[in-house]
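Numbering (the numbering used here), first residue to last: 13 to 116.
Right, one structure below, let's go through it.
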Amino acid sequence: MTLDAKLRWKEHVKKKKEEINLKFKKMYWLIGRKSQLPVHNKMLLYEQVIKPIWAYGCQLWGCTKRSNLKIIQTTQNKILRSIVNAPWYVRTDDLHRDLKVKMV
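Encoded structure:
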């Protein structure tokens, strides 16, 4: 966890986003758009590998500004779209509901 003097959590969220993106890039061949792996298995990988990165310490940094939470939410949405190969016009709410994934 990265703490700053005023507990704004901006640096922490930035580092978490970078860490999530790095892990996603490493796993893209498994959970990416062109992967032949079933969606169920892709979601298991997401839940076990990627979600714990942003969920760790969420009780502390979860009270940060909406703009910081939106950074993590946008990253989560990008990964979920890639997992199910959803086109741009599919609503994010529908994606979360169908995959039974809570929003950040």
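Cβ coordinates follow ideal geometry from the N, Cα and C atoms, glycine included.
Query raised in the report: Should the segment 68-78 be regarded as contacting the segment 40-57, the criterion being three or more beta carbon pairs within less than 8 Å?
Result: Judged by Cβ distances under 8 Å, the segment 68-78 makes no contact with the segment 40-57, as fewer than three pairs qualify.
Query - Those runs of the alpha helix (DSSP H) which lie wholly inside the segment 22-50 and span at least 4 residues - result: DSSP runs (the alpha helix (DSSP H)) wholly in the segment 22-50: 22-43.
**Report entry** Inter-residue CB distance, Ile84 and Glu31 (contact presumed, cutoff 8 Å)
**Finding:** The Cβ separation is near 11 Å, so there is no contact.
Query raised in the report: How big is the Cα-Cα spacing for Lys54 and Leu81?
Result: Using only the alpha carbons, I get a separation of about 24 Å.
Query raised in the report: Between Asn89 and Thr76, what straight-line distance do the alpha-carbon atoms span, to the nearest angstrom?
Result: Each residue's Cα considered, the two are about 19 Å apart.
Requested in this report: Spatial neighbours of Thr87 within its chain, please: CB distance less than 6 Å, with the 5 preceding and 5 following residues excluded, ordered by chain position.
Outcome: Excluding positions up to five away in sequence, the list reads Lys29 and Ile32.
Query raised in the report: Got a sec? Which residues, its chain only, sit under 8 Å from Lys27 by beta carbon, not counting five neighbours each side?
Result: Cβ within range, chain order: Thr14.
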